[in-house]
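A.B. asks: Can you read through this structure? Questions will come right after.
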Amino acid sequence: MANLYTLLESRFPAALDAPFATNSDGSVLTYGELKKQSARYANLLVTLGLQPGDRVAVQAAKSTSMMMLYLGCLRAGAVFLPLNTAYTSAEIDYFLQDASPSLFVFDPSHEASLRPLATAAGVPHLATLDEHGDGTLCTEASQRSPEFMTFEVSDDDLAAILYTSGTTGRSKGAMLSHGNLASNCATLCEYWRFSADDVLLHALPIFHTHGLFVATNVVLSAGAQMIFLESFDIDRVIAALPRSTVMMGVPTFYIRLLKDVRFTRELVAHMRLFVSGSAPLSADIHRAFREHTGHVILERYGMTETNMITSNPYDGERRPGTVGFPLPGISVTIADPETGAEIAPGEVGVIQIKGPNVFKGYWNMPEKTAAEFRNGHFISGDLGRFDEEGYVAIVGREKDLIIAGGYNIYPAEVEAALDELPEVRESAVIGVSHPDMGEGVVAVVVPASAGFSDEPKLKVALQERLARFKQPRRIMFVDELPKNAMGKVQKTSLREQFRNTFVM
Ligand code: MCA
Ligand code: AMP
Numbered sequence: 019m020a021n022l023y024t025l026l027e028s029r030f031p032a033a034l035d036a037p038f039a040t041n042s043d044g045s046v047l048t049y050g051e052l053k054k055q056s057a058r059y060a061n062l063l064v065t066l067g068l069q070p071g072d073r074v075a076v077q078a079a080k081s082t083s084m085m086m087l088y089l090g091c092l093r094a095g096a097v098f099l100p101l102n103t104a105y106t107s108a109e110i111d112y113f114l115q116d117a118s119p120s121l122f123v124f125d126p127s128h129e130a131s132l133r134p135l136a137t138a139a140g141v142p143h144l145a146t147l148d149e150h151g152d153g154t155l156c157t158e159a160s161q162r163s164p165e166f167m168t169f170e171v172s173d174d175d176l177a178a179i180l181y182t183s184g185t186t187g188r189s190k191g192a193m194l195s196h197g198n199l200a201s202n203c204a205t206l207c208e209y210w211r212f213s214a215d216d217v218l219l220h221a222l223p224i225f226h227t228h229g230l231f232v233a234t235n236v237v238l239s240a241g242a243q244m245i246f247l248e249s250f251d252i253d254r255v256i257a258a259l260p261r262s263t264v265m266m267g268v269p270t271f272y273i274r275l276l277k278d279v280r281f282t283r284e285l286v287a288h289m290r291l292f293v294s295g296s297a298p299l300s301a302d303i304h305r306a307f308r309e310h311t312g313h314v315i316l317e318r319y320g321m322t323e324t325n326m327i328t329s330n331p332y333d334g335e336r337r338p339g340t341v342g343f344p345l346p347g348i349s350v351t352i353a354d355p356e357t358g359a360e361i362a363p364g365e366v367g368v369i370q371i372k373g374p375n376v377f378k379g380y381w382n383m384p385e386k387t388a389a390e391f392r393n394g395h396f397i398s399g400d401l402g403r404f405d406e407e408g409y410v411a412i413v414g415r416e417k418d419l420i421i422a423g424g425y426n427i428y429p430a431e432v433e434a435a436l437d438e439l440p441e442v443r444e445s446a447v448i449g450v451s452h453p454d455m456g457e458g459v460v461a462v463v464v465p466a467s468a469g470f471s472d473e474p475k476l477k478v479a480l481q482e483r484l485a486r487f488k489q490p491r492r493i494m495f496v497d498e499l500p501k502n503a504m505g506k507v508q509k510t511s512l513r514e515q516f517r518n519t520f521v522m
């Protein structure tokens, strides 16, 4: 098997001036430039002494330079390791220690906190990349040759590591191979009928599977183009829709669009496809979108560890409240959570996945990897069932996870941060319905001294420990937490008690 970049390159348009990405300022990156720039980054990695398999960690704002670094890593066999821009220094410290990257690229505005931390972690090479896509990384790369002979790799060689939080303990680095990414983008490109005529509106972050692999690899493998927005800025999205044919987003994108008076049927009459994923799209939003625009959102389901697993059909009914059918070549089974035995259609069980899309394991964590596989299937932790016609519906989660605006938050991590505070005796963190983000984080706290209820104080104390999106939006104080006979906190009862916290 070839390097993922080589496979993608074989699908690039013949005309080197064909556009790949149009930035917000109107500047265009052509496929010809993409080849040259990715070659410069690949050459830079080689001259720095990076060997295939070495990690390149990046915490930087979204830019086409970062995208070119990703492609440069593929070409040189290095492992791209993007990090959420919201992570605090304390969180970054863990990733640098755990992944031992050979190069760490960071935003120059965090120089004072991150440089010493990276040096202490023993990272040999450091470079900067700012929100305009400039910095020492680009300066260095611009001095390298625009020609590079892309390295040959095997299917199992790593292309990327993406960290995903864990129900217990620290984050786990999911190792994704060239073969994993190549198989999934080829499948999606065909399933969603991408062609060189497509223009994808890209407003997702590029440190996660959705924006990096699903959106970007699919565009590249169709030789298509994208309108490249730094983030989901509603004004820019509305302005870019008339020039787009496809949009991919998390449900919050669609919730926000439906609330905007400028988002009319006429504005999107020409669009070919709207895709939603990363979090549940409510059947109500699905229907409201259809009534308002005439378009039926195509909902699909994936995980960092597996890329995309199921999708509603391109042709045929896109059924609200379901995530569609297993993608071609991917086996999805619904199993008894305890025994792993397959269960009958219609009954709820844990979703398990097997196929060329499934990752190679967690970085440096063979036991955790082994624990999440059963009979060769990856155990998703999502609860679902097949309906009579084979559509998969996700009905809940076995894992204690909150998804807000498409970002995952593991309550255990937030509870651990709260419990370290002297004012807190114990805490339970839950997700409850949020009109914009789908779920919002609520912490229920038993204070160390009766009567303490200083919510702002606890919120401030969490700021340095947790990325903003993980911080509780509300902290509620109670005398005691509801527990069962085993002493386990009954979160269902807390979710019921606080279900209206964000209802306007
Ligand atoms: C921003 N904030 C958030 C989130 N995003 N809080 C909770 N959850 C979030 N997702 C914080 C901001 O720091 C800010 O804090 C406050 O919430 C309000 O910010 P706002 O300006 O309204 O938000 P935004 O900056 O517009 O961002 C919302 C967003 C963004 C556009 C929904 O979060 C986003 O792009 N999400 C996409 C995530 C994604 O790509 N997930 C894919 C994962 P303050 O008020 O203090 O300033 S990949 C995956 O899950 C699998 C594989 C899959 O299937 O795809
Ligand atoms: P991540 O760890 O960021 O890869 O998130 C993966 C999780 O997101 C899955 O295990 C699901 O719980 C959730 N997810 C992704 N897509 C969907 C969807 N369409 N509907 C419901 N949940 C989803």
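Residue numbering for the sequence shown follows my numbering, starting at 19 and increasing by one per position.
Just so you know, even glycine gets a beta-carbon here, dropped at the ideal spot from N, CA and C.
(1) Starting from Pro37, trace the beta strand (DSSP E) both ways and give me its first and last residue.
(2) Short of 7 Å in beta carbon distance, which residues of its chain neighbour Glu51, apart from the five on each side in sequence? Order them along the chain.
(3) Which runs of the beta strand (DSSP E) at least 3 residues long sit entirely within the stretch 116–200? Give them in chain order.
(4) Give me, in chain order, the residues of the same chain whose beta-carbon lies closer than 7 Å to that of Ala446; leave out the 5 immediate sequence neighbours on both sides.
(5) Any heavy atom of the ligand MCA closer than 7 Å to the CB of Leu194?
(6) Select from Ile348, Leu401, Thr234, Ser349 the residue whose C-alpha is nearest the C-alpha of Pro355.
(7) Near Leu291, which residues of its chain fall below 7 Å by C-beta distance, leaving aside the five closest residues on each side in sequence?
(8) Would DSSP call Asn597 helix, strand or coil?
(9) Okay, do the stretch 48–64 and the stretch 165–174 touch, 3+ Cβ pairs below 8 Å being the bar?
(10) Evaluate Gln77 with the Cβ neighbour count: other Cβ atoms within 10 Å of its Cβ, from every protein chain shown; 16 or more gives buried, anything less gives exposed.
(11) Is the separation between the beta-carbon of Trp381 and that of Ala117 shorter than 8 Å?
(12) Would you say the beta carbon of Tyr23 is closer than 7 Å to some non-hydrogen atom of the ligand AMP?
(13) Cβ of Leu222 within 7 Å of any heavy atom in the ligand MCA?
(14) Mapping the DSSP letters down to three states, classify Ser28 as helix, strand or coil.
(15) Do Leu230 and Tyr88 have their CB atoms nearer than 8 Å?
(16) Buried or exposed for Asn393, going by 16 or more other Cβ atoms inside 10 Å?
(17) Relative to the C-alpha of Asp72, which candidate in Pro126, Pro223, Pro142 has its C-alpha closest?
(18) Can you tell me whether Gly312 is buried or exposed, with buried defined as 16 or more other CB within 10 angstroms of its CB?
(19) Which of the three DSSP states is assigned to Ile448 in this structure?
(20) The ligand MCA and Phe343: does the residue's C-beta get closer than 7 Å to at least one heavy atom of that ligand?
(21) Measure the C-alpha to C-alpha separation of Arg486 and Lys475 and round it to an integer number of angstroms.
(22) Between the stretch 142–157 and the stretch 78–87, do at least 3 Cβ pairs fall closer than 8 Å?
(23) Alpha carbon to alpha carbon, how far is Glu323 from Leu299?
(24) Taking 7 Å as the line, does the beta carbon of Tyr319 fall inside it for any heavy atom of the ligand AMP?
(25) Can you tell which of Ser183, Glu365, Arg305 has the C-alpha that lies nearest to the C-alpha of Lys386?
(26) When DSSP labels each residue in this structure, what does Lys53 get in the three-state scheme?
(27) Work out the CA separation of Val286 and Arg93 for me, nearest whole Å.
(28) Return the chain-ordered list of same chain residues with a C-beta closer than 7 Å to the C-beta of His395, the five sequence neighbours on each side being excluded.
(29) Runs of 4 residues minimum, wholly inside the stretch 189–261: which ones carry the alpha helix (DSSP H) assignment?
(30) Grab the span of the beta strand (DSSP E) containing Arg492 for me, first residue to last.
(31) Can you give, in chain order, each stretch of the beta strand (DSSP E) that sits fully within the stretch 362–425 and has at least 3 residues?
(32) Where do the ends of the alpha helix (DSSP H) carrying Thr351 lie?
(33) What do you reckon, are the CB atoms on Val217 and Ala242 nearer than 8 Å?
C.D. replies: According to the data block:
(1) 37–41
(2) none
(3) For secondary structure counted as the beta strand (DSSP E) over 3 or more consecutive residues, the stretch 116–200 holds these complete runs in sequence order: 121–124, 143–146, 176–182, 190–195.
(4) Glu433, Val462, Leu499, Val507, Lys509, Leu512
(5) no
(6) Nearest option by C-alpha distance: Leu401.
(7) Trp210, Val264, Leu316
(8) Outside the displayed span of the chain (19 to 522) sits residue 597, for which this structure offers no information.
(9) The answer is yes - the stretch 165–174 touches the stretch 48–64, with three or more Cβ pairs under 8 Å.
(10) buried
(11) Result yes, Cβ atoms of Trp381 and Ala117 sit closer than 8 Å.
(12) no
(13) yes
(14) coil
(15) Closer than 8 Å, so yes.
(16) exposed
(17) Residue Pro142 is the option with its Cα nearest to Asp72.
(18) exposed
(19) Shown here, Ile448 sits in a strand according to DSSP, grouped into three states.
(20) Phe343: no, Cβ never under 7 Å from the ligand MCA.
(21) 15 Å
(22) yes
(23) 21 Å
(24) yes
(25) Answer by Cα proximity: Ser183.
(26) Per DSSP, reduced to three states, the secondary structure at Lys53 is helical.
(27) Cα to Cα, the separation comes out at about 37 Å.
(28) Thr351, Gln370, Ile371, Lys372
(29) 196–209, 236–240, 252–258
(30) 492–495
(31) 367–372, 395–404, 410–415, 420–422
(32) Thr351 -> not in any alpha helix (DSSP H); beta strand (DSSP E) instead, spanning 349–353.
(33) yes
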